[in-house]
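**Student:** One structure follows; several queries about it will come next.
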Amino acid sequence: MYIYDDFDLTLVAERVAEFRDQVARRLSGELNEEEFKPLRLMNGVYLQLHAYMLRVAIPYGTLSSKQLRALAHIGRRYDRNYGHFTTRQNIQFNWIKLSDLPDVMADLAEAGLHGMQTSGNCVRNVTTDQWAGVAPDEIEDPRVWAEILRQHSTLHPEFSYLPRKFKIALTAAATDRAAVRVHDIGLRLHKNGTGETGFEVMVGGGLGRTPFIGKTIKPFLPKRDFLSYIEAILRVYNQYGRRDNIYKARIKILVHELGAEKFAAEVEAEWRNIKDGALALDPAFVADIAARFRYPDYKALSDNPIELKRARAADPKFEGWFRNSVTPHRTPGYAIVTLSLKPEGAPPGDATSEQMDAIADLADRYSFGEIRVGHEQNLALPHVAQRNLPALWEALDAVGVATPNVNLVSDIIACPGLDYCSLANARAIPVAQELSRRFKSLDTQREIGRLHINISGCINACGHHHIGHIGILGVEKNGQEFYQITLGGRADENAELGALLGPAVPYAEVAEAIEDVVAAYVELRERPNELFVDTVKRVGIEPFKERVYATR
Amino acid sequence: MPLVRNGAIAEDRFVRILDDMPVPDGLAAIVPAARLLADAGELARRNGALGVLWPNDRNVSELTPHLDRLALVALVFPNFRDGRAYSQARIVRERYRFRGELRATGQVLRDQFLCMLRAGFDAFEVSKDADAQAFAAVVSRYSVHYQPAGDSTPSMSMARLSRARPAAVLAEMPRQD
Ligand code: SF4
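Sequences listed follow chains A and B, in order.
Everything in the first sequence is counted per the numbering used here, starting at 2 for the first residue and increasing by one.
Everything in the second sequence is counted per the numbering used here, starting at -11 for the first residue and increasing by one.
Written as structure tokens, this is what we have:
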């Protein structure tokens, strides 16, 4: 948990005052919508199909119980009693009134929350592994670096009007759970030959209409140069990124057009000018930021306590949940618990205000008051004593967040789509809901194994369909909703973009087509634990294509 | 269009010279970039302060041989969403150590004043009168900022290091058994 001090709180409070003035000027007509738009966007306020939407930043996906209660309060007081967790570790409220927004921001600010950097052409909320700081396979806590970057990029005077939005993700683990290769900048903490820790720097990854996997332009960047090098990348992008065409404005296009080597050389030249200046990181500064992260006072416990063993043996339902939703922790006797926000038939990632309050209470009781938000649109309690798992499970089940489908076929990632989003071509949420009903049997889901379905309502790819094992993209054909299906995408350290299965299928047939794909996989796999993506890699698209289009 | 200089509304002593208009002797004049590069010698021999209007898609490194003789560099925001001139401003101020007037022109609105000021601008051709009147209030909205930039105010990161542990913490983690 990062603890805000009076500097951070002052800045957020001043931001609220500024926004209050901007809303007042918009309401009085002094600002027109065109002038107001970038200002509201810089505070996370979008205009959607039916209402304004507010996106609140959850830096690197870490929330305190107090903050989660503040979000529950916003949902209850100003919205329709729920919030929607997004694929970028943020939360969105879909039904906020413009005139309420300054008060919403003020209420959020009291809990150290805000909407800065959740939209607009600036450096967006920096994301990382939702298990940062507790995962056993990490070399250090990447959130310290995410926080340094968050501070540096907040209201940055030079980079608030970039050609386009800019997303940065960080990982410090062997297994990449932050999808760093599909970000504008991806950073991977690792050790070089001499045992020093630094960063591999990747640029130009991204999804959207022209998806790219990021290219490594610096295999090893010393920690001291972390900010100056990123500043150099941003400066090159700010000056040379395309501004003539919104679809070509992301850094991935600049990197692609210049070539990764030429781009790297430009960055290098700029960096040489600034690397020994004010941005060279003083270890004392890094230590100061690190010291603001509070870690729980873990007890000396051992793994597999008797309470856990007994419950696993006694209750198959508990055992099923345990095997699915509980992950090893770096501290003996503790575990990371994922809370599925994907119950059968519900919109992925939604949580009601009552659920948020209940989860906040459970976090206080069982997880040192801390909650995590993952890009899969689920929540996690990161510090649960294993002996408390049976009691926690019952409590989670009572509020509907213990569906044991994490990483299974019904753990679907979906963007808001045509139900809310003014850019959408097609619905995404109802497709997810229908699929979760068709695959509701947990036995079937376990038998299928790990399988990620990602759905986007348009080419902007907020549902990350390119990197879903199965990707579903809504397109429009003669005014009808159609869906393109891609197979074999993945977001981890072997990131790959999915391959197109064949012609798009209409709304009424998409769920059935996915059932066909899954059935084909079950027949094609070599052994029960060959993952879907591995089968696709081995046999290619053809056999799936035959199966799906044979009857269409 | 009102001019704000050093924080207050001020008289603009510079005249704008378009393309190949003659540059009158004895007057402070702003010439286009191409003119400066073409007629540098001649312009240097005249009396009167000289400024240049530099477009945002031209590398500012071309300015370096002339900076000593310039009293003003005007950078352009064709619209407020086009942020290229922020980078140019920082390079001109921080790397080339230009100490003359650095002027923001184009669509210059109040909600960008602070970014511009922090990037090193000290003069602003403001698009709206009301915004110019509000300048002082707008730029003092924030008493803190995180990062070091072109202005010389200390950043939070430095200020934090120079004092004791944080006074106010928002939430300590609950203890539990
Ligand atoms: S992918 Fe398209 S439809 Fe979905 S949220 Fe993004 S912009 Fe909207």
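Here a beta-carbon is modelled for each residue, glycine too, at the ideal position from N, C-alpha and C.
Please classify Tyr130(B): does DSSP put it in a helix, a strand, or coil?
**Tutor:** In this structure, Tyr130(B) counts as coil in the three-state DSSP scheme.
**Student:** Could you run through the region 436 to 460 of chain A and flag, in chain order, every residue whose CB is less than 7 Å away from some CB of chain B?
**Tutor:** Of all residues in the region 436 to 460 of chain A, none has a Cβ within less than 7 Å of some Cβ in chain B.
**Student:** Report the residue from Thr487(A), His465(A), Gln481(A) and Asn479(A) whose alpha carbon sits nearest the alpha carbon of Arg89(A).
**Tutor:** Taking only the C-alpha atoms, the option nearest Arg89(A) is His465(A).
**Student:** When we look at the beta-carbon of Met54(A) and count the other beta-carbons within 10 Å, is it buried (16 or more) or exposed?
**Tutor:** By the 10 Å Cβ count, Met54(A) comes out buried.
**Student:** Just grab the DSSP bridge partners of His85(A) for me.
**Tutor:** Gln93(A) and Asp351(A), per the DSSP bridge assignment.
**Student:** Ile290(A) and Glu148(A) - do their beta-carbons sit closer together than 9 Å?
**Tutor:** Yes, Cβ-Cβ distance for Glu148(A) and Ile290(A) is below 9 Å.
**Student:** Could you tell me whether any non-hydrogen atom of the ligand SF4 is closer than 8 Å to the CB of Gly418(A)?
**Tutor:** It does: the Cβ of Gly418(A) is within 8 Å (strictly closer) of some heavy atom of the ligand SF4.
**Student:** Going by beta-carbon coordinates alone, are Val126(B) and Asp99(B) separated by less than 9 Å?
**Tutor:** Against a cut-off of 9 Å, the Cβ pair of Asp99(B) and Val126(B) comes out as a contact.
**Student:** Could you confirm whether any beta carbon from chain A is found closer than 9 Å to the beta carbon of Phe68(B)?
**Tutor:** Judged by the 9 Å Cβ criterion, Phe68(B) is in contact with chain A.
**Student:** For the ligand SF4, I want to know if Ile460(A) counts as a neighbour, meaning its beta carbon is within less than 8 Å of at least one of the ligand's heavy atoms.
**Tutor:** Ile460(A) Cβ: within cutoff of the ligand SF4.
**Student:** Measuring only from the beta carbon, is Leu55(A) closer than 8 Å to any heavy atom that is part of the ligand SF4?
**Tutor:** Answer for Leu55(A): no, Cβ out of range of the ligand SF4.
**Student:** Ala170(A) versus chain B: which residues are under 9 Å apart at the beta carbon?
**Tutor:** The contacting residues do not exist; Ala170(A) stays about 20 Å from chain B at best.
**Student:** Relative to the C-alpha of Val183(A), which residue among Val518(A), Glu494(A), Leu502(A) and Thr536(A) is closest?
**Tutor:** Of the listed residues, the one whose Cα sits closest to Val183(A) is Glu494(A).
**Student:** According to the neighbour-count rule (16 or more other Cβ atoms, all chains shown, within 10 Å of its Cβ), is His51(A) buried or exposed?
**Tutor:** Exposed, since its Cβ has fewer than 16 Cβ neighbours within 10 Å.
**Student:** Given this structure, state the Cα-to-Cα distance separating Gln240(A) from Trp42(B), to the nearest angstrom.
**Tutor:** Using only the alpha carbons, I get a separation of about 14 Å.
**Student:** Give the straight-line distance between the Cα atoms of Lys67(A) and Pro507(A), rounded to the nearest whole angstrom.
**Tutor:** So the alpha carbons of these two residues sit roughly 44 Å apart.
**Student:** If we require 4 or more residues per run, which alpha helix (DSSP H) segments fall completely within the region 299 to 387 of chain A?
**Tutor:** If we require 4 residues or more, the alpha helix (DSSP H) runs fully inside the region 299 to 387 of chain A come out as 307 to 315, 317 to 326 and 354 to 367.
**Student:** Ordered along the chain, which non-local residues of its own chain (more than five positions away) have a Cβ less than 8 Å from that of Arg78(B)?
**Tutor:** For Arg78(B), where only same-chain residues beyond five positions count, the Cβ hits under 8 Å are Ala107, Gly108, Ala137 and Gly138.
**Student:** Flag Met104(B) as yes if its beta-carbon sits less than 9 Å from any beta-carbon of chain A, otherwise no.
**Tutor:** Yes, its Cβ sits closer than 9 Å to a Cβ of chain A.
**Student:** Lys168(A): buried (16+ other C-beta within 10 angstroms of its C-beta) or exposed?
**Tutor:** By the 10 Å Cβ count, Lys168(A) comes out buried.
**Student:** Need the endpoints of the alpha helix (DSSP H) that Phe20(A) sits in, please.
**Tutor:** Taken as a continuous stretch (DSSP letters only), the alpha helix (DSSP H) holding Phe20(A) covers Asp7 to Leu28.
**Student:** Ignore the nearest five residues each way along the sequence and tell me which others in Asn408(A)'s own chain have a CB closer than 6 Å to its CB.
**Tutor:** Excluding residues within five positions, the ones whose Cβ falls inside 6 Å are Arg451.
**Student:** Could you give the first and the last residue of the continuous alpha helix (DSSP H) run that contains Trp132(A)?
**Tutor:** Counting along the chain, Trp132(A) falls outside any alpha helix (DSSP H), and DSSP gives it neither H nor E.
**Student:** By DSSP, does Phe440(A) sit in helix, in strand, or in coil?
**Tutor:** Coil, per DSSP.
**Student:** Tell me whether Asn406(A) is buried or exposed, calling it buried when 16 or more other Cβ atoms sit within 10 Å of its Cβ.
**Tutor:** Label assigned to Asn406(A): buried.
**Student:** Looking only at its chain, what residues have a beta carbon closer than 8 Å to the beta carbon of Glu19(A), apart from the 5 residues adjacent to it on each side?
**Tutor:** Cβ neighbours of Glu19(A) beyond the five flanking positions: none.
**Student:** Give a yes or no on whether 9 Å exceeds the smallest Cβ distance from Glu160(B) to chain A.
**Tutor:** Low confidence applies here, because Glu160(B) scores a pLDDT of 44, under 50, leaving its location unreliable and the question unanswered by this model.
**Student:** Let me make sure I understand the geometry here. Which of Pro529(A), Asn479(A) and Glu510(A) has the alpha-carbon closest to that of Ile449(A)?
**Tutor:** That would be Pro529(A), whose Cα lies nearest to the Cα of Ile449(A).
**Student:** Just the chain B side, please: which residues come within less than 9 Å of Leu12(A) by C-beta, in chain order?
**Tutor:** In chain order: Tyr130, Ser131, Val132, His133, Tyr134 and Met144.
**Student:** Out of Ala16(B), Leu24(B), Cys103(B) and Tyr134(B), point me to the one whose CA is closest to Arg72(B)'s CA.
**Tutor:** Checking every option, the nearest Cα to that of Arg72(B) belongs to Cys103(B).
**Student:** List, in order along the chain, the chain A residues whose C-beta lies closer than 8 Å to that of Asp117(B)?
**Tutor:** Ordered by position in chain A, no residue passes the 8 Å Cβ test against Asp117(B), which lies about 12 Å from the chain.
**Student:** From Ile234(A) to Leu498(A), what distance separates their C-alpha atoms?
**Tutor:** Answer to the nearest angstrom: the Cα atoms are 25 Å apart.
**Student:** Whole-angstrom Cβ separation of Val237(A) and Met203(A), contact assumed at under 8 Å?
**Tutor:** Going by Cβ atoms, the distance from Val237(A) to Met203(A) rounds to 15 Å, so no, they are not a contact pair.
**Student:** Measure from the alpha carbon of Val206(A) to the alpha carbon of each residue in Asp226(A), Ala179(A) and Asn193(A), then state which is nearest.
**Tutor:** With the sequence shown as reference, residue 206(A) is identified as Gly, and Val is not the correct amino acid for it. Minimum Cα distance to Gly206(A) is reached at Ala179(A).
**Student:** Check whether chain A comes within 9 Å of Met(-11)(B), counting only Cβ atoms and requiring the distance to be less than that.
**Tutor:** No, Met(-11)(B) lies away from the interface with chain A (no Cβ there is under 9 Å from its Cβ).
**Student:** Please confirm if the region 88 to 99 of chain B is in contact with the region 520 to 528 of chain A, defined as three or more CB-CB distances below 8 Å between the two stretches.
**Tutor:** No, they do not touch.
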